[in-house]
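Before any comments, here is the structure.
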Amino acid sequence: MTDMMKLALVLALVAAPMIGQQMPQMPNFKAPPGHTVKVESVTTRYDFSKFNREITMNLDAFIWAPSEVPKGYKETKTVKPATKAATSLWNSWETVLPAFGAPERKIAQAYTGADGGVIMYIKWGKPLPQDARKAICRVLYKADEKPAGKDTNDEILVTDDWVIVWSFPKPLSKLKEAHQKRTFDNIGRQAEAWMKANPEKAKKYQQAPGK
6 MTDMMKLALV LALVAAPMIG QQMPQMPNFK APPGHTVKVE SVTTRYDFSK FNREITMNLD
66 AFIWAPSEVP KGYKETKTVK PATKAATSLW NSWETVLPAF GAPERKIAQA YTGADGGVIM
126 YIKWGKPLPQ DARKAICRVL YKADEKPAGK DTNDEILVTD DWVIVWSFPK PLSKLKEAHQ
186 KRTFDNIGRQ AEAWMKANPE KAKKYQQAPG K
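Residue numbers (the numbering used here): 6 to 216.
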């Protein structure tokens, strides 16, 4: 096995726990005798709670270009997050969470439509507090982490110096799912590039096959 092949194998083994989880939800039931079942749609949920903040990424790569937005959704300048908690963070993050300080950059992409909502991108000019995710979760969920197995209006991705907040009235919004899939795939590519560029740091995330 060549060194490049070994590296590819290692990346495949360790990237998933570093970047998050992709969880398709398939219906689990049987049709009565004489009947058939047709699956109309499948929802995939994305969990970014285990993202490793040591991986550095460019926020601009995660912002939707107009051509990438699924058809049927119209962008609006009206930024109206789905919850009061998310609205308070958007309006004045430094007031709600003083330890973070004022963001140096805020961008919102808001969309109308049945599955519409707001994607907020917030960036700071310094590393965030070590307990940043926990602090944000306490604001959004009144708990240290998003409730397990519960679909919520607000979801987050926390990196070392920027945060994405998805705030949607419909927790299972197809628009949100589309952006989170793009985010998940983008993180995978950037994590792979980071590991190749930082082989010594990447070693601590490596594990032998089957472990």
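All C-beta atoms in this analysis are idealised placements derived from N, C-alpha and C, irrespective of residue type, glycine included.
Quantities reported herein were computed from a predicted structural model and do not represent experimental measurements.
When we look at the beta-carbon of residue i and count the other beta-carbons within 10 Å, is it buried (16 or more) or exposed?
{"i": "Q135", "result": "exposed"}
{"i": "K151", "result": "buried"}
{"i": "R194", "result": "exposed"}
{"i": "S172", "result": "buried"}
{"i": "E197", "result": "buried"}
Residues in the same chain with beta-carbon distance under 8 Å from residue i, minus the five sequence neighbours each way, listed in chain order, please.
{"i": "A119", "result": "K175"}
Can you name, in chain order, every residue of its own chain whose Cβ lies under 6 Å from the Cβ of residue i, other than the five neighbours on each side?
{"i": "L145", "result": "A90 and D159"}
{"i": "E80", "result": "Y116"}
{"i": "V163", "result": "A137 and R138"}
Check whether the Cβ atoms of residue i and residue j lie closer than 8 Å to each other.
{"i": "A107", "j": "K85", "result": "no"}
{"i": "D166", "j": "K206", "result": "no"}
{"i": "A87", "j": "A140", "result": "no"}
{"i": "F67", "j": "Y126", "result": "yes"}
Comparing C-alpha positions only, which one of the options sits nearest to residue i?
{"i": "E182", "options": "N63, G154 and V74", "result": "V74"}
{"i": "D65", "options": "A140, K82, E205 and I112", "result": "I112"}
{"i": "S54", "options": "K179, V47 and V170", "result": "V170"}
Can you give me the C-alpha to C-alpha distance between residue i and residue j, rounded to a whole angstrom?
{"i": "A153", "j": "V168", "result": "21 Å"}
{"i": "G121", "j": "Y210", "result": "37 Å"}
{"i": "A21", "j": "D149", "result": "Confidence is the limiting factor: at A21 the pLDDT is only 47, short of 50, which leaves the residue's position unreliable and the question unanswerable from this model."}
{"i": "K201", "j": "T188", "result": "20 Å"}
Once the 5 residues before and after residue i are set aside, which same chain residues still bring their CB inside 7 Å of it?
{"i": "D217", "result": "Residue 217 lies beyond the stretch modelled for the chain, which goes from 6 to 216, so this question has no answer here."}
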